[in-house]
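A.B. asks: Here it is, the structure, as structure tokens.
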Amino acid sequence: MVPVASGSPMLELLAGFIGQLREAGLPVSLTENLDAMAAVKHVPLEDREAFKYALAATLVKNNAHWRAFETVFEVYFSLRGTHYAIGDEAGELGALLDDMEGEGQGDQQGEGAQGGGGGEALTPEELAQLLYQALLNGNDPLMRAIARQAVRRFAGMEPGRPVGGTYYLYRTLRNLDLDSVLDKLMGQARQRAEEQGNPLTPLEDRLEEDEFQTRIEQLKKEIEAEIRRRLVADRGVEAMARTLRKPLPEDVDFMHASREEMGNLRKALYPLTRRLAVRLARKRRHGRKGALDFRNTVRHSLSYGGVPAEPKFKYPRPHKPEIFVVADISGSVAAFARFTLMLVYAISGQFSKVRAFVFIDGIDEVTSYFEGVEDVTEAVHRVNTEADVVWVDGHSDYGHAFEVFWERWGKEISPKTTVMILGDARNNYHASQSWVVKEMQQRARHVYWLNPEPKSYWDTGDSIVGEYATHCDGAFECRNLRQLESFVDHLA
Amino acid sequence: MSAHRFESIPEVREGLERVQYLADEGIAGIVYLADRLQKPILVEGPAGTGKTQLAKSVAELTGARLIRLQCYEGLDESKALYEWNYKKQLLRIQAQRNAEGTWDEIEDDIFSDEFLLTRPLLEAIRAEDPVVLLIDEVDRVEVETEALLLEILSDYQVSIPELGTISARQIPLVFLTSNNTRELSEALKRRCLYLHVDYPDMDREKQIVLTKVPDITDSLADQVARIVRSLRQLELKKPPSVSESIDWARTLLLLGVENVDAETATATANILLKYQSDIAKAVKEFSGNQQAAKVFAPGPR
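Quick mapping for you: the protein sequence lines, in order, are chains A and B.
In terms of the working numbering, the first sequence has 413 at position 413, counting the first letter as 1, and numbering is strictly consecutive.
In terms of the working numbering, the second sequence has 1082 at position 82, counting the first letter as 1, and numbering is strictly consecutive.
Spelled out as structure tokens, the structure:
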């Protein structure tokens, strides 16, 4: 290890950075800290990318933490480094315009070069035109300059104003109106193709759109970075690092996830199920050894001259549970039911049988939707649209749903069955009929209740989860993927 | 102490390019750091993004011998580190029985180098020539077995109770790859530099296709890269990997395709996508034609 002189500015800078990372929830150990110090000695400091990767390689050991690391890095080092200084964008845009052999932009070039507020001289229409050009040609430096200009102009940032970055982002994007820019770009592409005599096929159309979409995403990222830079300049590094912390996908609350977070959740689900399936299969195999395998032992004894020195055992075949999922799919908890169904079906190989029932105030069996279907998402979509779950008014009525369930399928619950009930037990003050759960518990192997609400909300208002939970083998809070995963792990 | 293998990050990058591995800034930087800090690299990422290939290419670049340990469930020290050659030892004892000799002599004799079978890890430590050690798919071994690797990864030595500690004659470059089917232990991660290899961006993918598939035209490579990027944006069970896009490019070349249209893409989709439901989804998304999707996935009636 290379000794680092104490009190050197680099050491202090890094120590501060690592402090920020730990604040953001990344586990950084002492040895990793030392490694990072050693690593930065070997990279040229003026190479920002290399510096970043050197720190990442030594400090971040989990890909899920990468985003958090990147944010902290950008914030912490945003104001250190010359070409990240604020206030030079007007000149920059002017210089870029000079480079462009644009039509009809000559007069703005002159003003831009006069320094000061050259960028301001552009009218909004001209800025929009420039944006359009930049997106059409994929001109990165111009896009960056426009992002800066747009933030400066539209975000309306005022020093000391206590609003989050998302507000400024929203304001900027609303003014740029990127959706209609995309339409315009697509229209242009289609028209050009038609003029050349070969209109776009659906495939080409799609590819073209994806290309523009990527560029627009990039522009959004630039805008976000610019807003962040300005906020840091205004409020200081520490305050910013705190506000920018975003939860990891596993920690996002099912009931309050935004659309973007939902997308991330869905993406996180598949690798998670794969991990879970591998782990469960492994657990099954390595839990306990089975009976002595006589044939195998004798065969292996031959290499020891007939001495059975190495006893061999049969693989154990523990039984697989049969699962009944009974899920509330009314508005507030629908997302939770969807994720649980997807998770359970994705690892259905670990169970001997899975049956699914969904209810709001009526109840319906939806097992057949999942049979022979490879794409669970599709099946879940069908559940939400086709299942016959409304009896009277489409407000949750657990009591009635349970009663009907018991009448129609109660006899099929056997001692091998594990029943999972999903819902927040907000019963709209109907009768609870909790005797059904009690009966279920007597017939079934286990009955579990999964509630997507935080535990502190249970039994408040019209929630009667406590009444049902007394008859269950366990009631669990399942607010995010992490909790759901640990429950399923426990189940199999 | 051996001299460093590389002088600068650009040198690593250009070197890798010479052996047909297109590294990005991060990959080259971490390989360079691993050499300087003498630390192993843990490479994680989706299947088929060139994790194993990275180790192979670095070996080729440095002219080192590649020693590979393929991990699997049930791997133990007799397969990874070393094993005493029991049968030979037994013969040795039996041969001694008739001749003169004390027990001590025999004992010294049977626990000597002659009776030691070296396995990949020990072999890498004892090698005289430069080697690159590749520990492939380390996430397949059980958590307990990971501990076998720790001594080697941090100190480059192996302790054999009967022989003592064997230290490395030269520090090998070590690569560990993982498909992330489970969390690796903290102890293992702490000893390594971490590199996440993701799907390349469109330009790099195009360059990779151009390098790996000779004779391909620039425009075809561009189309391949663009279609693959669009596919990866869909929610698929298994997005196409880099190796699959290379295979696809080769196929298109063999078929003499110059412009990929929806029909060609549909007909050869099974090279890129390995699940029927993925293919159906892609076809549906790209052709806007429900009929075509039906052919691939009849679905529930």
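C-beta: ideal position from N, C-alpha, C; glycine also.
Only a predicted model underlies this, so the values are computations on that prediction, with no experimental measurement involved.
How is the alpha helix (DSSP H) around A:W409 delimited, first residue to last?
C.D. replies: One-based indexing of the first sequence puts residue 409 of chain A at position 409. That run of the alpha helix (DSSP H) goes Y398 to W409.
A.B. asks: The alpha helix (DSSP H) that contains B:E1146, what's its start and end?
C.D. replies: As a position in the second sequence, residue 1146 of chain B is number 146, starting the count at 1. Taken as a continuous stretch (DSSP letters only), the alpha helix (DSSP H) holding B:E1146 covers V1143 to D1155.
A.B. asks: Give the residues from the stretch 1187 to 1209 of chain B that approach chain A closer than 7 Å (Cβ to any Cβ), ordered along the chain.
C.D. replies: K1189, R1190, L1193, Y1194, L1195 and H1196
A.B. asks: Kindly list the residues whose CB is nearer than 6 Å to the CB of B:I1009, restricted to its own chain and excluding five residues on each side of it in sequence; keep chain order.
C.D. replies: Locating residue 1009 of chain B in the second sequence gives position 9, where the first residue counts as 1. Only A1028, G1029 and Y1032 meet the Cβ criterion.
A.B. asks: Please classify A:N428 as buried or exposed, where buried requires at least 16 neighbouring CB atoms within 10 angstroms.
C.D. replies: Translated into positions along the first sequence, residue 428 of chain A becomes position 428. The residue is exposed, with fewer than 16 neighbouring Cβ atoms inside 10 Å.
A.B. asks: Tell me which residues share the same chain as B:F1111 and place their Cβ nearer than 8 Å to its Cβ, disregarding the 5 neighbours each side in the sequence.
C.D. replies: For the purposes of this step, residue 1111 of chain B is taken as the residue at position 111 of the second sequence. Contacts found: W1084, E1162 and L1163.
A.B. asks: By Cβ distance, which residues of its chain are closer than 8 Å to A:V540, with the 5 residues on each side in sequence left out?
C.D. replies: The first residue shown for chain A is 1 and the last is 492, placing residue 540 of chain A beyond what the model contains.
A.B. asks: Is the stretch 1194 to 1211 of chain B close to the stretch 1232 to 1246 of chain B, with three or more CB pairs under 8 Å?
C.D. replies: yes
A.B. asks: When DSSP labels each residue in this structure, what does A:W458 get in the three-state scheme?
C.D. replies: As a position in the first sequence, residue 458 of chain A is number 458, starting the count at 1. Note: A:W458 maps to coil in three-state DSSP.
A.B. asks: Residues in its own chain within less than 8 Å of A:G110 by CB, not counting five upstream and five downstream?
C.D. replies: The residue you call residue 110 of chain A lines up with position 110 of the first sequence. At A:G110, the pLDDT of 38 sits below 50, so the modelled position is not reliable and the matter cannot be decided from this model.
A.B. asks: What are the start and end residues of the alpha helix (DSSP H) that includes B:G1029?
C.D. replies: Here residue 1029 of chain B corresponds to residue number 29 of the second sequence, with the count starting at 1. Per DSSP, B:G1029 belongs to the alpha helix (DSSP H) from E1025 to L1037.
A.B. asks: Check the Cβ of B:D1136 against every Cβ in chain A and list those closer than 9 Å, keeping chain order.
C.D. replies: By 1-based counting over the second sequence, the position of residue 1136 of chain B is 136. Within 9 Å Cβ-Cβ: nothing; B:D1136 doesn't reach chain A, min ~17 Å.
A.B. asks: With contact counted as at least three CB pairs below 8 Å, one residue from each stretch, are the stretch 1115 to 1122 of chain B and the stretch 1076 to 1096 of chain B in contact?
C.D. replies: yes
A.B. asks: Using DSSP with H/G/I as helix, E/B as strand and the rest coil, what is A:M420?
C.D. replies: Sequence index remark: in the first sequence, residue 420 of chain A carries index 420 (1-based). For A:M420, the three-state secondary structure derived from DSSP is strand.
A.B. asks: Extract the residue ranges of the alpha helix (DSSP H) inside the stretch 1151 to 1223 of chain B, only unbroken runs of 4 or more that lie entirely within it.
C.D. replies: If we require 4 residues or more, the alpha helix (DSSP H) runs fully inside the stretch 1151 to 1223 of chain B come out as 1186 to 1190 and 1202 to 1212.
A.B. asks: Helix, strand or coil for A:W391 per DSSP?
C.D. replies: Locating residue 391 of chain A in the first sequence gives position 391, where the first residue counts as 1. In this structure, A:W391 counts as coil in the three-state DSSP scheme.
A.B. asks: CB B:L1135 to CB B:I1166, shorter than 8 Å?
C.D. replies: Numbered from its first residue, the second sequence carries residue 1135 of chain B at position 135. Numbered from its first residue, the second sequence carries residue 1166 of chain B at position 166. It should be noted that the sequence gives Ile, not Leu, for residue 1135 of chain B. No. Outside cutoff.
A.B. asks: Which term fits A:V232, buried or exposed, when burial requires 16 or more other beta carbons within 10 angstroms of its beta carbon?
C.D. replies: Start at 1 with the first residue of the first sequence, and residue 232 of chain A comes out as number 232. Under this definition A:V232 is a buried residue.
A.B. asks: By alpha-carbon positions, which one of A:M143, A:L341 and A:R153 ends up nearest to A:T123?
C.D. replies: For the purposes of this step, residue 123 of chain A is taken as residue 123 along the first sequence, with counting starting at 1. Measuring from the Cα of A:T123, the nearest candidate turns out to be A:R153.
A.B. asks: Quick check on the DSSP output: the alpha helix (DSSP H) that includes B:D1108 runs from which residue to which?
C.D. replies: Against the second sequence, residue 1108 of chain B aligns to sequence position 108. Where B:D1108 is concerned, the enclosing alpha helix (DSSP H) stretches over W1103 to I1110.
A.B. asks: Roughly how many whole angstroms lie between the Cα atoms of A:V326 and A:F357?
C.D. replies: Looking up residue 326 of chain A in the first sequence gives position 326. Looking up residue 357 of chain A in the first sequence gives position 357. In a straight line, the C-alpha of A:V326 is about 5 Å away from that of A:F357.
A.B. asks: Could you pull the DSSP bridge partners for A:V488 from this structure?
C.D. replies: Numbered from its first residue, the first sequence carries residue 488 of chain A at position 488. A:V488 pairs with nothing; no bridge assigned.
A.B. asks: Buried or exposed: A:L292, going by 16 or more other Cβ atoms within 10 Å of its Cβ?
C.D. replies: Translated into positions along the first sequence, residue 292 of chain A becomes position 292. Exposed: under 16 other Cβ atoms inside 10 Å.
A.B. asks: Which of helix, strand or coil does DSSP assign to A:F339?
C.D. replies: If you number the first sequence from 1, residue 339 of chain A lands on position 339. Reduced to three states, the DSSP call for A:F339 is helix.
A.B. asks: Identify which residue in B:T1264, B:E1263, B:L1234 and B:L1153 has its Cα closest to the Cα of B:D952.
C.D. replies: Because residue 952 of chain B is not part of the residues shown, which for chain B are 1001 to 1301, the question remains open.
A.B. asks: I want to see whether chain A comes within less than 8 Å of B:T1052, judged by CB atoms only; does it?
C.D. replies: Here residue 1052 of chain B refers to the residue found at position 52 when the second sequence is read from its first residue. For B:T1052, the answer is no, since every Cβ of chain A falls outside 8 Å of its Cβ.
A.B. asks: If you compare alpha carbons, which of B:Q1089, B:E1073, B:V1138 and B:R1013 is closest to B:G1045?
C.D. replies: Along the second sequence, one-based indexing puts residue 1045 of chain B at 45. The shortest Cα separation from B:G1045 among B:Q1089, B:E1073, B:V1138 and B:R1013 belongs to B:V1138.
A.B. asks: Can you give me the Cβ contacts of B:D1129 inside the same chain, cut-off strictly under 7 Å, excluding the 5 residues immediately before and after it?
C.D. replies: Here residue 1129 of chain B corresponds to residue number 129 of the second sequence, with the count starting at 1. Same-chain partners within the cutoff: R1065.
A.B. asks: Tell whether a beta-carbon distance below 8 Å holds between B:L1176 and B:V1043.
C.D. replies: Here residue 1176 of chain B corresponds to residue number 176 of the second sequence, with the count starting at 1. Here residue 1043 of chain B corresponds to residue number 43 of the second sequence, with the count starting at 1. Yes, these two residues count as a Cβ contact at 8 Å.
A.B. asks: Mind listing which residues of the stretch 8 to 42 of chain A have their C-beta closer than 9 Å to chain E's C-betas, in chain order?
C.D. replies: Protein chains A and B are contained in the structure displayed, whereas chain E is not.
A.B. asks: Would you mind stating whether A:G362 and A:W409 have Cβ atoms separated by less than 8 Å?
C.D. replies: What you label residue 362 of chain A is simply residue 362 of the first sequence in a count that begins at 1. What you label residue 409 of chain A is simply residue 409 of the first sequence in a count that begins at 1. A:W409 sits away from A:G362, with the two beta carbons spaced by 8 Å or more.
A.B. asks: Do A:F351 and A:I323 have their beta-carbon atoms positioned less than 8 Å apart in this structure?
C.D. replies: Residue 323 of chain A sits at position 323 when you count from the first residue of the first sequence. Residue 351 of chain A sits at position 351 when you count from the first residue of the first sequence. A contact, by the Cβ cut-off of 8 Å.
A.B. asks: Kindly provide the ranges of any beta strand (DSSP E) runs that are 3 or more residues long and lie completely inside the stretch 428 to 474 of chain A, ordered along the chain.
C.D. replies: 446 to 451
A.B. asks: May I have a chain-ordered list of the alpha helix (DSSP H) segments no shorter than 4 residues that lie completely inside the stretch 21 to 59 of chain A?
C.D. replies: 30 to 40 and 48 to 59
A.B. asks: If we ignore side chains and look at the alpha-carbon of each, how far apart do A:F402 and A:V28 end up?
C.D. replies: As a first step, residue 402 of chain A is located in the first sequence; it is residue number 402 there, counting from the start. As a first step, residue 28 of chain A is located in the first sequence; it is residue number 28 there, counting from the start. Rounded to the nearest angstrom, the two C-alpha atoms are 49 Å apart.
A.B. asks: Quick check on DSSP: helix, strand or coil for B:A1292?
C.D. replies: Here residue 1292 of chain B refers to the residue found at position 292 when the second sequence is read from its first residue. Note that B:A1292 has pLDDT 42, beneath the 50 cutoff, so the model's placement of it is unreliable and the number below is only indicative. In the structure shown, B:A1292 sits in a helix (DSSP, three-state: H, G or I).
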